[in-house]
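Chains as they are written, first to last, in my numbering: chain A, 53 to 188; chain B, 53 to 188. The beta carbon of each residue, even a glycine, is placed where N, CA and C say it ideally should be. For clarity, every value in this text was computed on a predicted model and none was experimentally measured. Contents: one structure, followed by commentary.
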DNA sequence: CTTAGGGTGCAACTCGATTGCAAAGTTTAC
DNA sequence: GTAAACTTTGCAATCGAGTTGCACCCTAAG
């Protein structure tokens, strides 16, 4: 199993205290986290440092960001081997009740037939509704 | 063909000057419009009135909103008979070059196999890339 | 040790979204 | 027709996520 430092090394991101803490936290989550979630979860709090850490991670494909329509960008660790290319996409599910966003790795995204000449670069597929926990 | 007032009547939204102007404008567009787009396009400008008009339209299923990841919510007129239910969904395509959002009415959205107990209410499917015009 | 450069903390700012409130317009009851 | 009740509108102010400027710090190279 990869350690946090392994991941950073592989993705060529210098390991620092904040980065380790943030990545460790993200790895523990089953749901995508917003900047605020992270800020609240870690006793350490400096928005901008966490923000820049997330940007760095994103640029280096350590994590990917999700616009789930909640108004806050959420972040989740990329699966091993993910290049954040269209082929690596997966659906996200946003629960309108508990305000959590899940990565649905197991649900394949079909090829989208785009109009002529359109070029797909990436996609943001978010289904909304009630998660298993809230749908009772 | 439906007039603006017909649409408002069908959707049970009282017709007012602003509403007529905003809806007329939206009907003329081939791309989804942001609040700012509308503000700029109409000589008349009061952000909050347009904003509230859009909210009213959305609540009454006259238009639907799209989070295309550009940071601004975009709005487009619902197709006739649309109830904004999962069955009425369509993909959106956001062009990263010209910053425009298109509704891809012709591309069907396959049924998404959600995890057990999850309940789909709506979805926001945005593909990003280059539109036919920018991909040259 | 000294310097260069990236990383960090703090504070300030941007900008889309949203709200409070009073004025204007509309509808309803009498 | 008129007054009361409600809705819509315009303006100004606020909110909050995201972002940036800048000074300080820490590390690695010379």
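Closest option to residue 186(A), judged by alpha-carbon separation, among 149(A), 157(A), 174(A), 163(A): 149(A). For the pair of segments examined, the stretch 142-161 of chain A was found to touch the stretch 117-127 of chain A: the number of CB pairs separated by less than 8 Å reaches three.
Residue contact with chain B for residue 157(A): absent (no Cβ-Cβ distance below 7 Å to any residue of chain B). Among the residues of the stretch 100-111 of chain A, none has a Cβ less than 9 Å away from any Cβ of chain B.
In the DSSP assignment, residue 61(B) falls outside any beta strand (DSSP E) and lies within the alpha helix (DSSP H) extending over 56-62. Distance from the CA of residue 104(A) to the CA of residue 79(A), rounded to the nearest whole angstrom, comes to 18 Å. Taking C-beta separations shorter than 7 Å and ignoring five residues to either side along the sequence, the partners of residue 88(B) in its chain run 124, following chain order. Chain order gives the chain A residues near residue 177(B) as 177, where near means a beta carbon separation below 7 Å.
Distance from the CA atom of residue 68(B) to the CA atom of residue 110(B), rounded to whole angstroms, is 16 Å. Taking the C-beta atoms as reference points, residue 179(B) is found nearer than 7 Å to residue 175(A).
Around the beta carbon of residue 71(A), 16 or more other beta carbons lie within 10 angstroms, which makes this residue buried.
Ranked by Cα distance from residue 159(A), the options 126(B), 92(B), 163(B) are led by 163(B). Interface flag for residue 62(A) against chain B is unset, since no Cβ pair is found closer than 7 Å.
In this model, residue 184(B) and residue 184(A) are separated by some 40 Å (Cα to Cα).
Taking 9 Å as the cut-off between beta carbons, the residues of the stretch 130-150 of chain A near chain B are 138, 143, 145, 146, 147, 148, in sequence order. Taken in chain order, the whole alpha helix (DSSP H) runs of length 4 or more contained in the stretch 104-180 of chain B number zero.
Taking the CA atoms as reference points, residue 172(A) sits about 14 Å from residue 152(B). DSSP places residue 78(A) in the helix class (H, G or I) of the three-state scheme. Taking the CA atoms as reference points, residue 56(B) sits about 20 Å from residue 155(B). Cα atoms of residue 85(B) and residue 131(A): separation of roughly 35 Å, rounded to the nearest angstrom. From the beta-carbon of residue 119(B), the residues of chain A found nearer than 7 Å are 119, 121. Residue 112(A) sits close to residue 65(A), with the two beta carbons spaced by under 7 Å. Take residue 75(B), set aside five residues on each side of it, and the residues of its chain with a beta-carbon closer than 6 Å to its own are 56, in chain order. Non-local C-beta neighbours of residue 102(A) in its own chain, meaning closer than 8 Å and more than five positions away in sequence, comprise 70, 74, 87, 90, 91, 94, ordered along the chain. Collapsing the DSSP output to three states places residue 83(B) in a strand.
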